[in-house]
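In what follows, a single structure is set out as structure tokens and then discussed.
There are 4 protein chains.
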Amino acid sequence: MNDKRVHILDVAEQLFSERGFDGTSVRDIAGQAGVNLAMISYYFGSKEKLLVALIAHRSSYTHGILEELNRDDKLSPWDKIERLVDLYVDKIINNYRFHSIMTTHLPTIQSDDIREMITDIKVKNFELIKKIITEGQQQKIFRKVDMELTVGCVMGTLTQATLSKSLYCRLMHIDIHDEDTYRKKIIPKLKTHLKSLLKAHLEIRN
Amino acid sequence: MNDKRVHILDVAEQLFSERGFDGTSVRDIAGQAGVNLAMISYYFGSKEKLLVALIAHRSSYTHGILEELNRDDKLSPWDKIERLVDLYVDKIINNYRFHSIMTTHLPTIQSDDIREMITDIKVKNFELIKKIITEGQQQKIFRKVDMELTVGCVMGTLTQATLSKSLYCRLMHIDIHDEDTYRKKIIPKLKTHLKSLLKAHLEIRN
Amino acid sequence: MNDKRVHILDVAEQLFSERGFDGTSVRDIAGQAGVNLAMISYYFGSKEKLLVALIAHRSSYTHGILEELNRDDKLSPWDKIERLVDLYVDKIINNYRFHSIMTTHLPTIQSDDIREMITDIKVKNFELIKKIITEGQQQKIFRKVDMELTVGCVMGTLTQATLSKSLYCRLMHIDIHDEDTYRKKIIPKLKTHLKSLLKAHLEIRN
Amino acid sequence: MNDKRVHILDVAEQLFSERGFDGTSVRDIAGQAGVNLAMISYYFGSKEKLLVALIAHRSSYTHGILEELNRDDKLSPWDKIERLVDLYVDKIINNYRFHSIMTTHLPTIQSDDIREMITDIKVKNFELIKKIITEGQQQKIFRKVDMELTVGCVMGTLTQATLSKSLYCRLMHIDIHDEDTYRKKIIPKLKTHLKSLLKAHLEIRN
DNA sequence: CATGAATGAGGGTTCATTCAT
DNA sequence: AATGAATGAACCCTCATTCAT
């Protein structure tokens, strides 16, 4: 029962990320998932509510990661930045489908409620990262930076790696359909780059 | 004559960016543009070809900017970086609708031809920026960095500012529908941040 | 359930025969049949597949008639010819709508598959009649004739009676819209004529 | 000028015969004929009037043939039948496109005027052939036959050869698209068959 | 609880025709 | 006399959803 729900959500996630929300029909999802067409309305109410359910499902799954990091008092701010990058890159790239949906669908959402819901999630993530940086600044270890855009730069780089996969595949000579290879190559690349970038960016200059 | 074509493209751009390609009907475009529904097929052939025409239209418009910068021999690499950021931020944010379409639609495009077309444009932009950085590296002014992701970080930050407008509006206490204020505040913020970021990132450390 | 399918096929047959395949819209069929427009796609998939379903439906219905005749060993070749004419005239004239569609649509069909499908049915009918004539020839009862055109002459006369109804109604002083009277008068006329014609044509002359 | 009109009619004839009247768009005709789309309405008034013009054009062209035959007093009724078959087969098969249009379109015509117009032409042809047969009967050379269907049988055989080309190509092992071969083989076959058939049919039996 | 049947609304596209030039 | 631009209507089809069973 719940398995079927989760299965539908998985299929929906895949199709939404591949074809977009409006480019995916409920028929497509039902067909791919091997369930009756009416079952989707039956379980979720509507296509839009299916999306909301998907967001809730995935968000609850990837929620605790950053919070845990923040509670860890033994780590220095620099260590936390490194761990943050590791966790964040893994989180986004391994959930690139969901991340893609959230990012591409956000600007086209007509319903204020859903937009606020997605924005809330993004704000929460922002606040957690902000906390880490603020902590380092209070300890006079990080310099003062534009907080919104510093976070935005990290998020944006990952979004770029998600949405412009076709660009990076071209640049890195990877077949566009070979998702595994792409992920295997882009993840360490992203980690190294972002750590180096944040180091240079946050470091107090003399 | 051609005015009507351009007008249709403008309306299509706005609606595509607000509702997505699949979320916008040809009827919507015709209605908003005040032209007959059949006019769109008459002028462009199909909805997809309308998108291609839009891409061609906007790309030709914003093409020369970066090339010009590259040809300017009097500027130092650091100067070029600064000008690059100024030009690029202006270009993207002032064409944020088109940028939004290009970015959000890219991963869901089914047609290989159009995906390649968009990727081509992105590659071209990448190459021009790469040239500037490479030049600075050859002059031993910039340090060695991950080229793809350094560019991706700049692009991604701008994409973030475009696609996650709702997030930044919330963080910066701007009404989501007040586009002018958002642009006026985010543009200098982006310029300052990216210059500072690239400075720290490219600078040779001792 | 299946009644509705058959009802739609009946209506489609009537309209196709009156207005032609391309002259009939799916809306016309849905309207005349009193079903929802989307129902046609739901049941048949597409307008073209509706035609295929109609052909399959009618062909299966009228298939066995000639085969049965062929298996009857008690009849002499002349008896078989007479029965053939009786059966064939009844079959075509009572299904004149379907026969009209098959004949008028055949030369304009673009899809190779459907054309081959219709041709297959015509070939099968040809083979069955050929068998009867060949049998008579082997028994030295019928003379040697052009097989294709002897069959073609029978088929053609019936086609003529179907497609040029307006001509025959004029010649026989029947109102063009009075289908019952036309059928009642033309059927015995056709039977008598074709029997006489085939008798003279197949008979061995001295 | 008039050349252009005739050219358009030729193209229309070809397309109407290949795709049917309703299956052919005015755009198709204009495109194939290499003339401006608006020119067809400009010259002919409407698509339907174009068809009427085509019928008038072709009818006037093939009109006099049978009349001439009838006036020839030197020929015996049997000679006239033979010449009739020769002329008629040539006329229909060499104008098979036009014949196909006339035959397939006739039952679907909604306009009473056009149907009457086409029926008129068919009646005229019928009367001319009827005259020949009646003459032979008055001279006690031909036996009494069903006049309508005797003519209908000849017409029908030719219609069959025109509309069921795909059947005959299959039976005679001719490629369906090789029109020249088909015509070269079917014309003498038709002439021989119809002469033989009419001989047996009209001959007074003892 | 689950689903096949059904539907109103709207999708993109093409139609024959007209009009201003 | 001739045509590029434009249009209202209609095309076939698919959409998300509902409802009776």
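Chains as they are written, first to last, in numbering that gives the first Met the number 0: chain V, 0 to 205; chain H, 0 to 205; chain C, 0 to 205; chain A, 0 to 205. C-beta atoms are modelled at their ideal positions from N, C-alpha and C, and glycine is treated no differently.
8 angstroms is my cut-off, CB to CB: does residue 41 of chain H come that close to chain V? no
Rounded straight-line distance, which links the Cα of residue 16 of chain V to that of residue 90 of chain C: Cα to Cα, the separation comes out at about 57 angstroms.
Helix, strand or coil: how does DSSP classify residue 141 of chain C here? strand
Using 10 angstroms around the beta-carbon of residue 11 of chain C, count the other beta-carbons present and answer buried if the total reaches 16, otherwise exposed. buried
Just grab the DSSP bridge partners of residue 202 of chain A for me. A:141
From the beta carbon of residue 81 of chain C, is the nearest beta carbon of chain A less than 8 angstroms away? Taking a beta-carbon distance threshold of 8 angstroms, residue 81 of chain C does not count as an interface residue toward chain A.
For residue 15 of chain V, report the span of its alpha helix (DSSP H) as first-last. 1-18
Considering only C-alpha positions, which residue in the set C:59, C:32, C:33 and C:24 is nearest to residue 45 of chain C? C:24
Could you confirm whether any beta carbon from chain H is found closer than 8 angstroms to the beta carbon of residue 125 of chain V? Yes, its Cβ sits closer than 8 angstroms to a Cβ of chain H.
Rounded to a whole number of angstroms, what is the C-alpha to C-alpha distance between residue 195 of chain A and residue 39 of chain C? Spanning the two alpha carbons is a distance of roughly 50 angstroms.
Less than 8 angstroms separating the beta-carbons of residue 169 of chain A and residue 51 of chain C? no
Can you confirm whether residue 17 of chain H, when its beta carbon is compared against all beta carbons of chain V, has any partner nearer than 8 angstroms? Taking a beta-carbon distance threshold of 8 angstroms, residue 17 of chain H counts as an interface residue toward chain V.
Interface positions of the segment 143-156 of chain V facing chain H (Cβ-Cβ less than 7 angstroms), listed along the chain: 145, 147, 148, 151, 152, 154, 155 and 156
Establish whether the CB of residue 163 of chain C and some CB of chain A are separated by less than 8 angstroms. yes
Along the chain, where does the alpha helix (DSSP H) that runs through residue 159 of chain C open and close? Its alpha helix (DSSP H) spans residues 146-162.
Who are the near neighbours of residue 0 of chain V in its chain, counting only those whose CB is closer than 6 angstroms to its CB and skipping five residues on each side? Confidence at residue 0 of chain V is low in this model, with a pLDDT of 48, below 50, so the placement of that residue should be treated as unreliable; the coordinate-derived value is given next. The answer is none, since no qualifying residue turns up.
Closest by CA to residue 77 of chain A, which one among A:136, A:111, A:29 and A:30? A:136
For residue 103 of chain H, the nearest candidate out of H:162, H:150, H:142 and H:198 (CA to CA): H:162
Alpha carbon to alpha carbon, how far is residue 75 of chain V from residue 138 of chain V? 10 angstroms
May I ask which residues mark the beginning and end of the alpha helix (DSSP H) holding residue 94 of chain C? Counting along the chain, residue 94 of chain C falls outside any alpha helix (DSSP H), and DSSP gives it neither H nor E.
Any C-beta of chain V within less than 7 angstroms: which residues of the segment 111-122 of chain H qualify? 114, 118, 121 and 122
Proximity to residue 225 of chain A [Cα-Cα], best of A:124, A:175, A:177 and A:153: Since the first residue shown for chain A is 0 and the last is 205, residue 225 of chain A is missing from the structure and cannot be characterised.
Beta-carbon within less than 7 angstroms of residue 127 of chain H's beta-carbon, same chain only, minus the 5 sequence neighbours each way: which residues are those? 65, 66 and 69
Would you grab the beta carbon distance between residue 189 of chain H and residue 156 of chain H for me? Rounded to a whole angstrom, and I think it's under 8 angstroms. 7 angstroms
8 angstroms Cβ shell around residue 5 of chain V - same chain, five flanking residues per side excluded: So the list reads 56, once near-sequence residues are dropped.
Contact between the segment 168-182 of chain A and the segment 110-121 of chain A is defined here as three or more beta-carbon pairs at a separation below 8 angstroms; is this criterion met? no
Proximal residues, the segment 192-204 of chain H versus chain V, C-beta separation under 7 angstroms: 192, 196, 199 and 200
With 8 angstroms as the threshold, decide whether the Cβ of residue 99 of chain A is near any Cβ in chain C. yes
Classification of residue 204 of chain A by the beta-carbon crowding that lies within 10 angstroms, buried from 16 upward: exposed
The alpha helix (DSSP H) that contains residue 27 of chain V, what's its start and end? Residues 25-32.
Should residue 160 of chain A be flagged as near chain C, meaning a C-beta pair shorter than 8 angstroms? At a cut-off of 8 angstroms between C-beta atoms, residue 160 of chain A counts as an interface residue with respect to chain C.
Best match in V:201, V:200, V:130 and V:92 for proximity to residue 187 of chain V [C-alpha to C-alpha]: That would be V:92, whose Cα lies nearest to the Cα of residue 187 of chain V.
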